[in-house]
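Note sheet for the following structure.
In our numbering, the protein residues as written are 192 to 483.
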């Protein structure tokens, strides 16, 4: 059993990343160098000088084109296939991992090694003290976190955020890799929709990670460009992965979101973008230029 770790960063000093620091802490507690490989994929405009003293060997890739997560993950998937890694662990730059994270991953892979139907292992994810992932996608694209006590193989479809998710390399290869239509946002939800459309399953591990989820704090973690991309890709997700009639429920969600944005100062600057998307759908378009 071998795991390839791909950590994607953007405009972040790698050594100061919550993910990098906590991952190094976890590796110090549980030496996994013989079963793990590491890639850091840097989407920043300028490359970073790599001069840390760390206990593992890391491949550093600099890509100033900043084409998001899908390209980085596909790069790692190709490397995993070429070098015989059975699992691919996805990490962002802003996730805090517990000291037993890598140990739990290895233990979990041993438990499910013979069950080829399980193609994803996910942790419980918290943000600002609330459980945010994994979650169930309700009608119209609403997300509801699963019970925090849930562990093991999920008996109903769930979705999870990218960071902390580990995927079977053979499965991702079989579906053609990561969908570049979802280059940044909603790539995670596309992954899990694809898992269940192929009759595969997800395992919730014992690990609990803390993640800075942009939609949980608009003041600190959200900007207008990112919000507009979220609008585009959540509608794309509905068009591609959900029943067509759910778009009507989505329009109601947009209307409710606009009302909140009108009365919350931190969200007021996003009102016009939400309005334009709703107007485009009502006029028969796909919203913000999204196809199909």
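Each residue gets a CB set at the ideal place from its N, CA and C atoms; glycine is no exception. Remember, predicted model here, so these are calculated numbers, not experimental data.
| Item | Value |
| --- | --- |
| Output needed for residue 236: all residues of its chain with C-beta closer than 6 Å, excluding positions within five of it in sequence on either side, in chain order. | 255 |
| For residue 233, count neighbouring C-beta atoms within 10 Å of its own C-beta (all shown protein chains included) and say buried if the count is 16 or more, exposed if not. | buried |
| Decide if residue 262 is buried, meaning its Cβ has at least 16 other Cβ atoms within 10 Å, or exposed. | buried |
| In three-state terms, what does DSSP make of residue 253? | strand |
| I'd like the span of the alpha helix (DSSP H) that includes residue 509, first residue to last. | Any answer about residue 509 is impossible in this case: the structure gives the chain only from 192 up to 483. |
| Specify whether the region 436-446 and the region 354-373 touch according to this definition: at least 3 beta carbon pairs, one from each stretch, less than 8 Å apart. | no |
| Within a Cβ cutoff of 7 Å, which residues of the same chain sit near residue 483, ignoring the five residues on either side of it in sequence? | The predicted position of residue 483 is uncertain, since its pLDDT is 32 and thus under 50; a value taken from the coordinates is nonetheless stated next. 430. |
| Could you tell me the distance, in whole angstroms, from the CA atom of residue 266 to the CA atom of residue 253? | 12 Å |
| Please go through the same chain and pick out, in chain order, the residues whose beta-carbon is closer than 6 Å to the beta-carbon of residue 299, but skip the five residues on each side of it. | 312, 396 |
| Any idea what DSSP makes of residue 198, helix, strand or coil? | strand |
| Please give the ranges of any alpha helix (DSSP H) in the region 356-434, keeping only runs that are unbroken, at least 4 residues long and fully inside the region. | 360-365, 378-388, 409-412, 415-432 |
| With residue 231 as the anchor, note down where its alpha helix (DSSP H) starts and where it stops. | Counting along the chain, residue 231 falls outside any alpha helix (DSSP H), though it belongs to the beta strand (DSSP E) covering 227-233. |
| In the DSSP output, which residue or residues are listed as bridge partners for residue 328? | 334 |
| If we ignore side chains and look at the alpha-carbon of each, how far apart do residue 316 and residue 350 end up? | 12 Å |
| Measuring alpha carbon to alpha carbon, tell me which of 420, 448, 242 ends up nearest residue 376. | 420 |
| Is DSSP giving residue 484 helix, strand or coil here? | Outside the shown range of the chain, which is 192 to 483, sits residue 484, and nothing can be said about it. |
| Just tell me which of 193, 222, 353 has its CA closest to the CA of residue 291. | 222 |
| Going by the CB atoms, is the gap between residue 402 and residue 318 shorter than 7 Å? | yes |
| Can you tell me which of 326, 277, 286, 289 puts its alpha carbon nearest to the alpha carbon of residue 305? | 277 |
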